[in-house]
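Read in order, the letters of the sequence shown are residues 1 to 223 in the numbering used here.
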Amino acid sequence: MTNDTPSEKTVRDEIIEAGRRLYFKDLVAACDGNISARLADDEFLVTPSGVSKGFMHADDLLKVNSRGELLGGGGKPTRELAMHLALYKARSDIRGVVHAHPPIATAFACTDRRFERIILPEVIFELGEIAVAEFALPSTHELPDSILAVLTNRTGAVLLSNHGAVTVGESVMKAYYNMETLEAVAKITLAAGNLGSPRYLSDSQVSALWALLEAGNAKSRDA
Numbered sequence: 001m002t003n004d005t006p007s008e009k010t011v012r013d014e015i016i017e018a019g020r021r022l023y024f025k026d027l028v029a030a031c032d033g034n035i036s037a038r039l040a041d042d043e044f045l046v047t048p049s050g051v052s053k054g055f056m057h058a059d060d061l062l063k064v065n066s067r068g069e070l071l072g073g074g075g076k077p078t079r080e081l082a083m084h085l086a087l088y089k090a091r092s093d094i095r096g097v098v099h100a101h102p103p104i105a106t107a108f109a110c111t112d113r114r115f116e117r118i119i120l121p122e123v124i125f126e127l128g129e130i131a132v133a134e135f136a137l138p139s140t141h142e143l144p145d146s147i148l149a150v151l152t153n154r155t156g157a158v159l160l161s162n163h164g165a166v167t168v169g170e171s172v173m174k175a176y177y178n179m180e181t182l183e184a185v186a187k188i189t190l191a192a193g194n195l196g197s198p199r200y201l202s203d204s205q206v207s208a209l210w211a212l213l214e215a216g217n218a219k220s221r222d223a
């Protein structure tokens, strides 16, 4: 573990805090959703199946390896474990993954309305790209396959058609903040559309925002 790598206790605490916020901000209901974190190259923490994310304890979390084999903890890992492990395998920068059902963003995922056009700089500065995955059966390998088909190095959030959303980040809390931002953007996009004549950012403005971000001049709220 390097000096920049948080301790396992810190990561466990972040997962518990992220779960609490997801639940009390109505981004998940009942026992919905799942959260994970990368501890090391072949060591991950994941939330258990069938437990409300708002009322978890640090010792509820399970430790698994990249093959999904249990290394520590009791109970059963989330049924979406394959999705989490596939994301970590696809991108080495990902250290946190959050899957939830934010109501407005999920409503977009259940319609033909999408986020193809960007309405706020925060979409780029906070989320990067918002991808849309085709519908896939939950808890099967179809789901990670559908996500990987649209994932790029810029992707911070993926809408899961007729299902929900998954966000990633360089920490558990960044992945959580991305979920919160996704829902905020969905609410604003919906409200602007309902008001009529929403003003989307032009292609040149979007390109300029990406240039700012990649030059390091646009700092995330998580920095």
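Every residue gets a Cβ at the ideal spot worked out from N, C-alpha and C, and that includes glycine.
DSSP has residue i in a bridge; who is on the other side?
i	result
Phe55	DSSP, once it has assigned bridges, lists no residue as partnering Phe55.
Arg38	Phe44
Val206	BP columns for Val206 are empty, so no partner.
His99	Asn34, Val166
Gly72	Lys63
Could you tell me the alpha carbon to alpha carbon distance between residue i and residue j, rounded to whole angstroms?
i	j	result
Ile35	Thr189	26 Å
Arg221	Thr111	Only weak support is given to the placement of Arg221: the predicted model assigns it a pLDDT of 43, under 50, and the value that follows is read from those uncertain coordinates. Arg221 and Thr111: Cα-Cα distance of roughly 30 Å.
Ala165	Glu134	12 Å
Leu87	Ile94	7 Å
Leu120	Glu43	36 Å
Gly96	Val158	14 Å
Glu8	Leu39	7 Å
Pro6	Ile16	15 Å
Pro235	Cys31	Residue 235 cannot be examined here, being either before or after the span of the chain that is shown, 1 to 223.
Helix, strand or coil for residue i, going by three-state DSSP, please let me know.
i	result
Glu122	helix
Val11	helix
Ser161	coil
Ile94	coil
Leu61	coil
Asp222	With a pLDDT of only 45 at Asp222, under 50, the local geometry of the prediction cannot be trusted, and no value is derived from it.
Skipping 5 residues on each side, what residues in its chain have a beta carbon closer than 7 Å to that of residue i?
i	result
Ala18	Ile35, Val98, Val172, Met173, Tyr176
Could you pull out every residue in the same chain whose Cβ sits closer than 8 Å to the Cβ of residue i, ignoring the five residues on either side in sequence?
i	result
Asp60	Thr47, Pro48, Val51, Gly73, Gly75
Asp13	Ala58
Lys89	Ser66
Asp203	none
How about residue i: is its Cβ closer than 7 Å to a heavy atom in the ligand ZN?
i	result
Leu148	Absent from the structure shown: the ligand ZN. Ligands present: none.
Next item on the list: Flag this pair as touching only if the region 78 to 92 and the region 140 to 148 have three or more C-beta atom pairs under 8 Å; answer yes or no.
Entry: Yes, they touch.
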